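Protein sequences appear in the order of chains P and D.
The numbering of the first sequence is my numbering, which starts it at 789 and goes up by one.
The numbering of the second sequence is my numbering, which starts it at 789 and goes up by one.
To keep things clear, I will list the structure first and then write my remarks on it.
There are 2 protein chains.
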Amino acid sequence: MSNKKDRLIYLPLGGAGEIGMNCYVYGYGPEGRERLIVVDLGVTFPDMDTTPGVDLIMPDISWLVERADRIEAIFITHAHEDHIGGLGHLWPQLKAQVYCRRFTGTLAAMKLEDRGQPANVVSIVEPRPDVVEAGPFKVQFVPVSHSIPESSALIIDTPAGRVVHSGDFKLDGSPVVGEAFDPKEWHGIAQEGNGVLALMCDSTNIFSPAPGRSEATLAEPLAELVASAPGMMVATTFASNVARLKTLADAGQAAGRSVCLMGRAMKRMVTAAVDSGVLTDFPSLVAPEQAADIPREHLMLIVTGSQGERRAATAQLARGKYLGLSLKEGDTFLFSSKVIPGNERGVIRIVNNMSEMGVDVIDDRGGLYHVSGHANRPDLEGVHDLLHPKILIPMHGEHRHLREHAKLGESKGMSTEVATNGMMIDLTTGYPQVAEYIETGRVYLDGNVMVGAMDGVIRDRIRMALNGHVMVTLILDEAGEPLGDAWAEVMGLAETGKSGRPLVEAIEGDLTEFLDRADQKVLRDDDKLDDALRRIVRQVSMEEVGKKPEVTTVVSRLDG
Amino acid sequence: MSNKKDRLIYLPLGGAGEIGMNCYVYGYGPEGRERLIVVDLGVTFPDMDTTPGVDLIMPDISWLVERADRIEAIFITHAHEDHIGGLGHLWPQLKAQVYCRRFTGTLAAMKLEDRGQPANVVSIVEPRPDVVEAGPFKVQFVPVSHSIPESSALIIDTPAGRVVHSGDFKLDGSPVVGEAFDPKEWHGIAQEGNGVLALMCDSTNIFSPAPGRSEATLAEPLAELVASAPGMMVATTFASNVARLKTLADAGQAAGRSVCLMGRAMKRMVTAAVDSGVLTDFPSLVAPEQAADIPREHLMLIVTGSQGERRAATAQLARGKYLGLSLKEGDTFLFSSKVIPGNERGVIRIVNNMSEMGVDVIDDRGGLYHVSGHANRPDLEGVHDLLHPKILIPMHGEHRHLREHAKLGESKGMSTEVATNGMMIDLTTGYPQVAEYIETGRVYLDGNVMVGAMDGVIRDRIRMALNGHVMVTLILDEAGEPLGDAWAEVMGLAETGKSGRPLVEAIEGDLTEFLDRADQKVLRDDDKLDDALRRIVRQVSMEEVGKKPEVTTVVSRLDG
């Protein structure tokens, strides 16, 4: 037996201090030998500023991988990419059983199969009162409303007490698809046993002061909009927002329009929703090939790409034809969505392209045509009050969200801590104590390999993008003397410099001058020669075009 | 004498179909021999998505340069960078006299001097009724309110009629600094002569449905906020928003705080405003060196960098010390500004850094601490109604703004046209007719040289950022046979591929295999050899790391 006391720990590896790539760990047992469960394995998306050319960003789970033998289970709260997107990529390093509800499970199995992993590691769990026993943990799925079907909070019972992990949620009494928010159920959770020790709580909308609105409030305005549109009606929203797809499709049907879904992700989601039984009585659909033959005023498209993604249906329609259909003057295009910060430029480009086509573009009109999937500040307070946990740890937010949520919690008498990625929190004593700081970070899926955020690969790409790239080739003969002149190749710099000469010539000229005078000490020393060539290239480039490029030198020694 | 009739033309070269780099041309005279005036020479700013490493973006003014002998004058409406920022760079190609009001003139002279151009080409013009005669044009400056001092609309009288070029404006009866909006004056402009033929009108805020609010409404809330802040108070806004600087500084003074301005641009603006007489009774300031000795609760900083610019004071404070001062827990940081679309990520990064420091960050709170400098939809209608022009041409807006503004104008009985950059509009007949499409576009200041947007330089940089760059070096001996193996250098790609080998080795291995078997037809033909090497590099890279890099080949022929 250990002489160390058992403890209950919480460790965010992703999603705490950022919105995206959620990954949380809970542990129970003697220090250093805790049995572990993982909640969510999400991704986040690259941008040109910091991660050009990268395909996906995932949490660095090295800490978990080193302790893979202690992992009892993986739980996935819901099927948004920032909660499930890393499953196919990261599961092979963890190899634990995966638990989730049916709709999420359908998509989890696809994620695993996409990466050649066995789909049968996914176990479908029914909601509370069903319990998954995972080592010292007893876990129940509590249905919550969110912008995707079957999102769940988790009740995690441990010998040290009950933890509620909220997942992503909102309070919606009429969510169109899925279970309504049930305050009695939440009150009951707080009444069982010793009540709630700790609540780990979504912080996304902590800065939204008004109570959140129900998905059901959109039906009427959307129906009116779709009915009054003169030409073709096109609407985009997140593919996974199945309730919104239904509201939109219902509006189309009510207006006598044939409804056509476009975009791979959207079809995949609707199929998963129908297969898992969460979506019933969805209006019948027409295929894009049929749609082309339907008069525009009797047609409604529901398409992917609300965030301006370049390859999605919205962007393709804004550029021209997509699957035989194109936008025309008099059509209406609705963004039944909000722009995620950072995606503004892409979306605005699309709106302007559509404007040039004479299409009327309509945004969410301050919430008339879109509601958020997250609980606003008063809703969060409502949940605090229902669960009245001893400890509140804000999660799923940037630092500013976590801090604001913690301030709110403190003002209401809860013990709180702003716990960001890598901060291991000991919950055992009834108030949060920082136990340890774990090294965390991000890894990138780049093409089909993983690179670390700190490997320098992406840094080199950014530098080439900012500064251009010059390559110098020099051949030295058997005697160590330059064989001919050095060659320069330039990529990403102005062709002609200030002197009026081509930049390449200016660089080569100075390199020749240098080589004519260089003594053998330098010519024989690879490092010194490399330094000298590099310095000359940067100096000439600075003089000629005002930029210091990245430089690669290739020195071939024929005697080598 | 010409047998062609005189005509009045309008030609936007920048700013119509985008917000930024404003440049408009008016011409009067026989077709092809019109005398010309230029209104504004602005810039726009690069972003990592489309213009990595670029310093500034300017309109392509080739059309004007080819007709430089026909330019009578350049008018600058106000000193925002998107109206004046190109002056120093583009003036040398135009060399016409520059007319503007005093404050704008002070900054125009600096812009010219910065680029080694003569500052004495700037003529200071007093507002209407003063008139500048420029060939067939008679031009008056009409003071308008905007977020910078001395913004002006232009009345451009021509033999074909009166044109009003609105510049950037809002309707503000109490603008804190500068002249209040005077409806009588505008009514008068419409009453003179034959009234207004055409209004070229700011469209920025056409989508804002409520009437705009006055700068003066900010004084009270700002004073309350500054007075109630417990620690150091720091506020950022656009450096050129001199009225806001005054409101903020007044709030600081009223709260008993010493006020300190930080950031080069801000000092330059205040100096220009004081020198030109637009700014009087500005609170006395302390220098940053003095500020460090003042108790935090008695100090207020007003700093640059509201858009998250990496080198500005705000970003530097968010990273640590700036000029000896740093933020601490309990300080308050106010963004008395709005985020321009595209700058969200940078600003959010700063807010989170400050949150980590324990600083309370406050945004504009839905307009409580910031008002826009542009006229909203009802204000635009007000101006339409005062001037009742025959023709309305929306300008200063993306396509969606121009289109919406044109729709509004049409609904009110004006002749309109969505005239984007390069569309020459003939106004002579009293309704807008597209006369010609001019080739326009953008040029980039990249380091210290100009490159065309279509030159491929920036495209190459973007490709390297997305795909990485591989350089292949091959030496062929006098017999045309490879001398040793080909070398590869890799930049911006994962070091190790799927096979577990270093990527460089994998590439070099396949290149060696190819060269061993390559026949002389290929080896002797530079193009074929280049193609083959390139194809192999891409293929190996795709297999190993899942990316197709940019490839540069250097083949040295010793017999060459």
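For glycine and all other residues, C-beta sits at the position ideal for the given N, C-alpha and C.
Fair warning: this is a prediction, and the values are worked out from it, not measured in the lab.
6 angstroms CB neighbourhood of P:V1206 in its chain, flanking five on each side removed:
Excluding positions up to five away in sequence, the list reads L1190, R1191 and A1194.
Give every residue of the same chain whose Cβ lies closer than 7 angstroms to the Cβ of P:A1017, excluding the five residues on either side of it in the sequence, and list them in chain order.
Counting only Cβ-Cβ distances below 7 angstroms, and skipping sequence neighbours, we find T1120.
What residues in the region 1286 to 1319 of chain P have a beta carbon less than 8 angstroms from any beta carbon of chain D?
Cβ proximity to chain D below 8 angstroms picks out K1286 from the region 1286 to 1319 of chain P.
Per-residue contacts from D:M846 into chain P (C-beta, under 7 angstroms):
None at all; the shortest Cβ gap to chain P is about 15 angstroms.
Bridge partners of D:N798, per DSSP?
Correcting the residue identity first, residue 798 of chain D is Tyr in this sequence and not Asn. For D:Y798, which the question treats as bridged, DSSP gives the partners D:Y814 and D:I1213.
According to DSSP, is P:G1348 part of a helix, a strand, or is it coil?
Note on P:G1348: pLDDT 49, under 50, position unreliable in the model; the coordinate value appears next. Three-state DSSP puts P:G1348 in coil, outside helix and strand.
Pull up the distance between the alpha-carbon of P:M789 and that of P:T832, whole angstroms please.
Here P:M789 scores only 47 on pLDDT, less than 50, and its place in the model should not be relied on; the value that follows carries that caveat. So the two alpha carbons sit approximately 42 angstroms from each other.
Out of curiosity, what's the CA-to-CA distance linking D:T1340 and D:G1272?
A direct Cα-Cα distance of roughly 19 angstroms separates D:T1340 from D:G1272.
Using a Cβ-Cβ cut-off of less than 7 angstroms, list which residues of the region 1247 to 1261 of chain D approach chain P; keep chain order.
Result list: D1248, R1249, I1250, M1252, A1253, L1254, N1255, G1256, H1257, M1259 and T1261.
Any C-beta of chain B sitting closer than 8 angstroms to the C-beta of P:T1035?
The displayed structure is made up of protein chains P and D, and chain B is not among them.
Can you find the residues in the same chain that come closer than 6 angstroms, C-beta to C-beta, to P:H975, ignoring five residues on each side of it along the sequence?
Taken in chain order, the residues that qualify are L1174.
Please report the distance separating the alpha-carbon of D:M1211 from that of D:L799.
Put simply, the backbone Cα of D:M1211 is about 6 angstroms away from that of D:L799.
Does DSSP put D:Q1221 in a helix, a strand or coil?
Assigned with DSSP and collapsed to three states, D:Q1221 falls in strand.
For D:I862: DSSP bridge partner residues
In the DSSP output, where bridge partners are listed per residue, D:I862 has D:V826 and D:V886.
What did DSSP end up calling D:T1261 once you bin it into helix, strand or coil?
DSSP, read as helix, strand or coil, puts D:T1261 in strand.
Reference P:R855; option with closest CA among P:V1310, P:V827, P:R823 and P:M1142
When only C-alpha atoms are compared, the closest one is P:R823.
Would a check of beta-carbon distances place P:N810 closer than 8 angstroms to chain D?
False, the Cβ-Cβ gap to chain D never drops below 8 angstroms.
P:G1235 and D:K1335: beta carbons closer than 8 angstroms?
Cβ atoms of P:G1235 and D:K1335: closer than 8 angstroms.
Inter-stretch contact (C-beta, 8 angstroms, three-pair minimum) for the region 1073 to 1088 of chain D and the region 1105 to 1123 of chain D:
Contact between the region 1073 to 1088 of chain D and the region 1105 to 1123 of chain D is present: three or more C-beta pairs spanning the two stretches fall below 8 angstroms.
Beta-ladder partner(s) of D:R950, from DSSP
Paired residues: D:D945 and D:V984.
Using a Cβ cut-off of 7 angstroms, pull out every chain P residue sitting near D:D837, in sequence order please.
Those are M836 and R1133, listed as they occur along chain P.
Assuming D:C811 and D:G830 are in contact, meaning their beta carbons sit under 8 angstroms apart, how far apart are those beta carbons, in whole angstroms?
With 8 angstroms as the limit, D:C811 and D:G830 qualify as a contact, their Cβ atoms being about 6 angstroms apart.
Within chain P, partners of D:T1340 - CB distance below 7 angstroms:
What D:T1340 touches in chain P: M1259, E1277 and M1279.
In three-state terms, what does DSSP make of P:G1334?
Of the three classes helix, strand and coil, the one that applies to P:G1334 here is coil, per DSSP.
Kindly identify the DSSP beta-bridge partner or partners of D:Y1157.
Partner residues in a beta bridge of D:Y1157, as assigned by DSSP, do not exist.
Kindly indicate which three-state DSSP category P:F1302 falls into: helix, strand or coil?
Three-state result, P:F1302: helix.
I'd like the list of long-range same chain contacts for P:E1301, defined as Cβ closer than 6 angstroms, with 5 residues on each side in sequence excluded.
If we look at P:E1301 and ignore the five residues flanking it on each side, it has no Cβ neighbours.
Can you tell me the Cα-Cα spacing of D:S939 and D:G1185, whole angstroms?
Going by the C-alpha atoms only, they are around 18 angstroms apart.
Consult DSSP for D:F929 and reduce its assignment to one of helix, strand or coil.
Looking at D:F929 - three-state DSSP - the assignment turns out to be strand.
At a Cβ threshold of 8 angstroms, is P:I1136 touching chain D?
Yes - at least one Cβ of chain D is within 8 angstroms of the one on P:I1136.
Whole-angstrom distance between D:E1266 and D:M1330, CA atom to CA atom
One C-alpha to the other measures close to 34 angstroms.
Pick helix, strand or coil for P:P924, following the three-state DSSP scheme.
Three-state DSSP puts P:P924 in coil, outside helix and strand.
Taking the alpha-carbon positions, what's the P:E1277 to P:M1259 distance?
So the alpha carbons of these two residues sit roughly 5 angstroms apart.
Would you mind working out which of P:P1220, P:V1239 and P:A1223 sits nearest P:G1229, comparing C-alpha positions?
If we check each option's Cα against that of P:G1229, P:V1239 comes out closest.
Taking beta-carbon pairs under 7 angstroms, can you tell me which members of the region 798 to 830 of chain P lie near chain D?
Result list empty, no residue passes.
For P:N908, is the classification buried or exposed, using 16 other Cβ atoms within 10 angstroms of its Cβ as the cut-off for buried?
Looking at its Cβ environment, which holds fewer than 16 other Cβ atoms inside 10 Å, P:N908 is exposed.
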